[in-house]
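Undergrad: Pasting a structure here, questions to come.
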Amino acid sequence: MKNKVAILMGSDSDFSTMERTVQVLKEFKIGCEVRVMSAHRTPETVVAFVRKAPSRGIRVFIAAAGGAAHLAGAVAAQTSLPVIGVPISSTELNGVDALYATVQMPPGIPVATVAIGKFGATNAGILAAQILAISDPGLQKRLVDFKTSMRSKVEKSDQDLQKKLKH
Ligand code: RP5
114 MKNKVAILMG SDSDFSTMER TVQVLKEFKI GCEVRVMSAH RTPETVVAFV RKAPSRGIRV
174 FIAAAGGAAH LAGAVAAQTS LPVIGVPISS TELNGVDALY ATVQMPPGIP VATVAIGKFG
234 ATNAGILAAQ ILAISDPGLQ KRLVDFKTSM RSKVEKSDQD LQKKLKH
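This is the structure we're talking about:
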């Protein structure tokens, strides 16, 4: 199985958040590469990685960084593949800094920015799956099953609550 998603993190300290993305991709049976590289500390590595990635089968990039988070934008500047940005909460500004830096891209260089932190890490994996599912009916089926099971869980919790409130 070729890895189709590249997860890039500005620091290994981001992994405690981004392990959720790895887990989601694993559940959907999507192979991924996970790398630490930084828009500021190792800019040349980022450029070289992004340019070579499509030849290995990478179809979606997920970039996570905190603070003055330029990683997702730096990746998007080098590719026309979809880029999902995850703002990490790693400074006194609790990720709002990273959210603004990641989401406010200039016209022409979009970054699909998800929520700050763990919500975003989970949704980045699901969004990558949804993008890849456009051309993969098996993956599309797994996504439909996932959403059905999520709906059933909410309906069950509501039924349980109604029963509890009657007694
Ligand atoms: C960002 O700075 C990283 O993405 C990380 O969220 C933050 C802190 O990095 P470390 O000092 O923990 O390496 O570039």
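Residue numbering for the sequence shown is 114 to 280, as defined by the numbering used here.
From the three backbone atoms N, C-alpha and C, an ideal C-beta is built for every residue, glycine too.
So if DSSP puts R148 in a beta bridge, which residue, or which two residues, is it bridged to?
TA: Per DSSP, L121.
Undergrad: Can we count D258 as close to the ligand RP5, meaning its CB is less than 7 Å from some heavy atom?
TA: Checking every heavy atom of the ligand RP5 against the Cβ of D258, none is found closer than 7 Å.
Undergrad: Verify the contact flag: A237, CB atom, against every heavy atom of the ligand COA, threshold strictly below 7 Å.
TA: This structure does not include the ligand COA; its bound ligands are the ligand RP5.
Undergrad: Does the beta-carbon of M150, which I'm using as the reference point, lie nearer than 7 Å to any heavy atom of the ligand RP5?
TA: False, no ligand heavy atom lies under 7 Å from that Cβ.
Undergrad: Identify which residue in P200, Q243 and L256 has its Cα closest to the Cα of L121.
TA: Ranking P200, Q243 and L256 by Cα distance to L121 puts P200 first.
Undergrad: Mark K260 as exposed unless 16 or more other C-beta atoms lie within 10 angstroms of its C-beta, in which case mark it buried.
TA: Classification for K260: exposed.
Undergrad: Would you check if there are 3 or more beta carbon pairs closer than 8 Å linking the segment 132–142 to the segment 222–242?
TA: At 8 Å Cβ cutoff, the stretches touch.
Undergrad: Return helix, strand or coil for V227, following the three-state DSSP convention.
TA: If DSSP states are grouped into helix, strand and coil, V227 belongs with coil.
Undergrad: Span of the alpha helix (DSSP H) holding A161?
TA: Unbroken alpha helix (DSSP H) run through A161: P156 to K165.
Undergrad: If you check the beta carbons only, do R169 and L194 fall under 8 Å apart?
TA: Not a contact, by the Cβ cut-off of 8 Å.
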